[in-house]
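Inspection log for the structure reproduced underneath, given as structure tokens.
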Amino acid sequence: MRPSDTIPRSAERRYPLRMPPDWNPPVPAWMSVFDDEMHTVSKGVIGAQHAPDRDMAAFLADLRAASAGADIIDFARCIDRDGLTQTVGILYWYDPARAAAWLASEAFRHFWAKHARKDNGYGLFREMMNVPTSHFETLFSGPEHNHGMSQGRIGVEGPVAEHMYWGGMRDRIPHSAQNPLEAGSALRVVEEGDGRVVIEAHEHLCVIRSGQDWSLTTGEQRDAYLETIEPTLNAGMAFLRDEGDAVNCYSCRYMRELDASGAPVERSFGLAYFRTMKDLEDWAEHHPTHLKIFHTFLKIAPKYGPDLQLRLWHEVSVLPAGEQSAEYIHCAPGTGLLGGVG
Numbered sequence: 002m003r004p005s006d007t008i009p010r011s012a013e014r015r016y017p018l019r020m021p022p023d024w025n026p027p028v029p030a031w032m033s034v035f036d037d038e039m040h041t042v043s044k045g046v047i048g049a050q051h052a053p054d055r056d057m058a059a060f061l062a063d064l065r066a067a068s069a070g071a072d073i074i075d076f077a078r079c080i081d082r083d084g085l086t087q088t089v090g091i092l093y094w095y096d097p098a099r100a101a102a103w104l105a106s107e108a109f110r111h112f113w114a115k116h117a118r119k120d121n122g123y124g125l126f127r128e129m130m131n132v133p134t135s136h137f138e139t140l141f142s143g144p145e146h147n148h149g150m151s152q153g154r155i156g157v158e159g160p161v162a163e164h165m166y167w168g169g170m171r172d173r174i175p176h177s178a179q180n181p182l183e184a185g186s187a188l189r190v191v192e193e194g195d196g197r198v199v200i201e202a203h204e205h206l207c208v209i210r211s212g213q214d215w216s217l218t219t220g221e222q223r224d225a226y227l228e229t230i231e232p233t234l235n236a237g238m239a240f241l242r243d244e245g246d247a248v249n250c251y252s253c254r255y256m257r258e259l260d261a262s263g264a265p266v267e268r269s270f271g272l273a274y275f276r277t278m279k280d281l282e283d284w285a286e287h288h289p290t291h292l293k294i295f296h297t298f299l300k301i302a303p304k305y306g307p308d309l310q311l312r313l314w315h316e317v318s319v320l321p322a323g324e325q326s327a328e329y330i331h332c333a334p335g336t337g338l339l340g341g342v343g
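Using the working numbering, the letters of the sequence shown map in sequence onto residues 2 to 343.
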């Protein structure tokens with residue numbers, strides 16, 4: 002599946018591209034290419050919410066063992082809006098039938114029952130989504146980067162023209178050619194009781210996972226990221242985490258990735274749920290917290306051109322209703338999609 006084949010051009014679109022005429026992006030970017038036989042990506046965010054000083058090594062080990070059949074699993078940690086720590090695994094399957102089988106498996110049921118007990122002293126959650134390839138896009142600052150769902154891609158396409166202008170993210174999602182990607186309703190609580198809440202997502206919930214990898218930075222470029230870019234990014238993520246209601250962001254986790262032992266590595270990402278893509282676009286295009294991130298990057302990245310050591314990437318999805326749900330057990334009210342129903 003080549004990205005250039007999946008982005009419908011003007012004659013095929015009900016909603017036109019926002020790309021300016023004769024556009025030439027100031028910095029290059031690449032998109033992932035997946036196997037033609039892959040039609041849907043299943044993604045799961047499985048996590049525990051706990052006191053910051055609690056050792057969650059056993060939880061991570063159990064999750065790793067229980068999820069051995071996933072195509073990809075990344076581990077990460079963050080401090081949430083309630084001041085608690087979330088330790089999570091983000092899992093991907095390139096076949097939704099295998100993801101469904103995993104949820105129904107004895108290994109997962111045992112894991113879930115063990116860690117859902119109230120006397121454990123921590124909350125447990127899962128956010129599950131099935132995303133057709135027509136409903137997502139990926140973008141990378143270099144052709145060799147392959148984070149997130151793209152760890153299983155078969156190649157890259159680029160540099161791409163649909164990049165670095167307001168609306169480029171929407172233009173890269175094939176479904177946007179024929180659909181405005183508006184929300185059909187609101188998040189809905191479908192089960193509740195005894196510390197457990199199950200939420201069903203509405204049409205076109207927008208999910209972004211946007212990451213930074215500074216593990217290869219050195220010298221001046223490392224200083225630029227740690228002293229200039231990262232503090233600005235941190236402030237923007239904190240706004241979405243703590244005040245996201247103002248821009249229709251249900252939840253934002255600014256997460257540090259972990260290695261197999263649970264130790265932090267030099268990679269991070271924001272995982273955010275917006276009501277719609279337009280809400281994400283409006284924050285990105287107009288809000289001072291994102292504009293500061295955007296302009297800070299533009300002051301630095303073009304200076305290094307192809308020698309930029311910082312690796313940037315994202316994956317953005319708009320979810321069709323009906324196959325997306327989230328479950329929270331003994332979690333704080335602002336956790337994940339609970340932030341959109343309170």
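Each residue gets a CB set at the ideal place from its N, CA and C atoms; glycine is no exception.
This structure is a prediction, so every number in the text was calculated from the model and none was measured.
Residue from the options whose Cα sits closest to the Cα of residue i
i    : options                  : result
M32  : R154, E107 and R118      : R154
D36  : V198, G194 and G156      : G156
P27  : M165, T229 and A67       : M165
A236 : E324, A162, H291 and P17 : H291
F295 : R171, S177, L234 and Q50 : L234
A325 : A247, H205 and S262      : For the record, residue 325 in the displayed sequence is Gln; it is not Ala. Out of A247, H205 and S262, H205 has the C-alpha closest to the C-alpha of Q325.
P160 : A98, W24 and E221        : W24
E231 : I200, E128 and R268      : R268
N131 : A202, K279 and L259      : A202
P183 : H136, E221 and T277      : Note on residue identity: the sequence assigns Glu, not Pro, to residue 183. Residue T277 is the option with its Cα nearest to E183.
L272 : I47, A322, H116 and T134 : I47
M39  : H136, F112 and F126      : H136
A261 : Q179, K304 and D75       : D75
L311 : T41, K293, L18 and T229  : T229
For residue i: DSSP bridge partner residues
i    : result
M256 : F270
M129 : G45 and S326
G212 : F270 and W314
P21  : BP columns for P21 are empty, so no partner.
M32  : E158
H51  : T86
E138 : V317
P265 : L259
F275 : C207 and C250
Where residue i sits in the DSSP three-state scheme
i    : result
M57  : coil
T336 : coil
D6   : Caution is warranted here: a pLDDT of 49 is assigned to D6, below 50, making its placement in the model unreliable, and no coordinate value can be reported.
P144 : coil
D75  : strand
W103 : helix
M150 : helix
Y123 : coil
Y251 : strand
M39  : coil
G156 : strand
L92  : strand
P97  : helix
L309 : coil
L206 : strand
P26  : coil
Supposed contact pair residue j and residue i - C-beta distance, whole angstroms, cut 8 Å
i    : j    : result
D72  : W103 : At roughly 11 Å, the Cβ-Cβ gap does not stay under 8 Å, so D72 and W103 are not in contact.
H315 : L140 : 5 Å
M256 : A77  : 4 Å
Q87  : R254 : 6 Å
L313 : Q222 : About 13 Å separates the two Cβ atoms, so there is no contact after all.
Y16  : P181 : 6 Å
A58  : L85  : 18 Å between Cβ atoms; not a contact.
Y274 : L338 : 6 Å
Delimiting residues of the beta strand (DSSP E) encompassing residue i
i    : result
R189 : R189 to G194
V198 : R197 to E201
Limits of the alpha helix (DSSP H) - the one that residue i falls within
i    : result
G237 : E231 to E244
T290 : P289 to Y305
R173 : Counting along the chain, R173 falls outside any alpha helix (DSSP H), and DSSP gives it neither H nor E.
R223 : G220 to A225
Residue i: CB within 7 Å of a non-hydrogen atom of the ligand SAM
i    : result
I155 : By its list of ligands, the structure shown contains no ligand whatsoever, and the ligand SAM lies outside what it can speak to.
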